Amino acid sequence: MPKIVFLPHPELCPEGKVIEVEPGITVCDAALQNGVEIEHACEKSCACTTCHVIVREGFDSLGEPDELEEDLLDKAWGLEPESRLSCQAVVDKEDLVVEIPKYTINQVSERH
């Protein structure tokens, strides 16, 4: 099974986290199912950028983003060439190293 390594994030996973996942799951769902409370203001419907991540390793194993995702990513804070919306990035057979940006453009955080 592939692994996702979440790099340390000061609020969501200060120590970082390594999880094993089944191929076919999105990075967002994998994070949420394993206690990494990544924001997803649009409920994972590809309508915002709050679940933006940077795939530091394994980026090429992900399917190509569609035009809607690319348009939304243009609005993401800290956009990089390896940026994806985690709700759209489907894990294949390769391990991933994922960085969750420190900020989002979300005006109100849903974390309590």
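In full-length UniProt numbering, the protein residues as written are 1 to 112. Every residue, glycine too, gets a C-beta built ideally from N, C-alpha and C. Just so it is clear, the structure is predicted and the values come from calculations on it, not from any experiment.
Inset, instruction - Name the two residues that bound the continuous beta strand (DSSP E) containing leucine 96. - result: 96-99
Inset, instruction - Return the first residue and the last residue of the alpha helix (DSSP H) that valine 27 is part of. - result: 27-33
Legend entry - Residue closest to aspartate 71, alpha-carbon to alpha-carbon, out of His52, Leu62, Ile38: His52
Inset, instruction - Within its chain, find whatever has a CB closer than 6 Å to the CB of valine 5; leave out the 5 residues flanking it on each side and keep chain order. - result: Val18, Val97
Inset, instruction - Measure the Cβ-Cβ separation of arginine 32 and isoleucine 100 and say whether it is below 9 Å. - result: Note on residue identity: the sequence assigns leucine, not arginine, to residue 32. No, Cβ-Cβ distance for leucine 32 and isoleucine 100 is not below 9 Å.
Legend entry - Proximal residues to threonine 50 (C-beta, below 7 Å), its chain only, five neighbours per side dropped: Glu39, His40, Ala41, Thr104, Asn106
Inset, instruction - May I ask which residues mark the beginning and end of the beta strand (DSSP E) holding leucine 73? - result: No beta strand (DSSP E) contains leucine 73, which is instead part of the alpha helix (DSSP H) from 67-73.
Legend entry - Cβ shell of phenylalanine 59 (< 7 Å), same chain only, five flanking positions each side left out: Answer for phenylalanine 59: Glu82, listed in chain order.
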